[in-house]
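Heads up: the structure comes next, in structure tokens.
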Amino acid sequence: MLRNVIYHLADDIRVTSITVEEQLGGWFVAIRNARTPQQIETTHARLAGTVRVLANWDVIPFSAAAVIRVQDLLRQRLNVGGNGLRIAAIALEAGAVVVTRNLRDFGRVPGLRCADWSV
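Position 78 of the sequence shown, counting from 1, maps to 82 under this note's numbering, and the rest follow consecutively.
Okay, here's the thing in structure tokens:
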């Protein structure tokens, strides 16, 4: 039995350019570190799969306004990592909700709306 199921239109869900950078960057590192033919094949296949998935999402870019917002958040010493602050700033500028399991860090950002869909 499903409980607490929340339905969202696909048009309502976006991904930040920071998230795209993290995903692709991770695969680029894995490809450079792959040594065996099987590792090389697997990492390239997984990179291709990630690109296919990301192609289905609207990407919110890291705007100049979000860059300025990050500078303000850094001055507040919120103890949130750099990419977390960038994602938060993008969401704040877009009036978006950050969907994350990391409510501890994102919850430190004043005014940021967060949701955990992993439950």
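Glycine included, C-beta positions come from ideal geometry on N, C-alpha and C.
* Selection from F66, R117 and N37 that minimises the alpha carbon distance to V24 -> Of the listed residues, the one whose Cα sits closest to V24 is F66.
* Output the distance between the C-alpha atoms of N37 and T54, rounded to the nearest integer angstrom. => If you take the alpha carbons of N37 and T54, they lie about 18 Å apart.
* Asked: Which runs of the alpha helix (DSSP H), 4 residues or longer, sit entirely within the segment 35 to 92?
  -> Qualifying alpha helix (DSSP H) stretches, in chain order: 41 to 58 and 68 to 79.
* Asked: Going along the chain, which residues of its own chain have a beta-carbon closer than 7 Å to the beta-carbon of G115, five neighbours each way excluded?
  -> By the criterion of a C-beta distance shorter than 7 Å, G115 is surrounded in its chain by L96, once the five residues flanking it on both sides are discounted.
* **Where V24 falls: helix, strand or coil (DSSP)** => Three-state result, V24: helix.
* To do: Can you give me the start and stop residues for the beta strand (DSSP E) that R105 sits inside?
  => No beta strand (DSSP E) holds R105; DSSP gives it neither H nor E.
* Mark V101 as exposed unless 16 or more other C-beta atoms lie within 10 angstroms of its C-beta, in which case mark it buried. => Answer is exposed; the Cβ neighbour count stays below 16.
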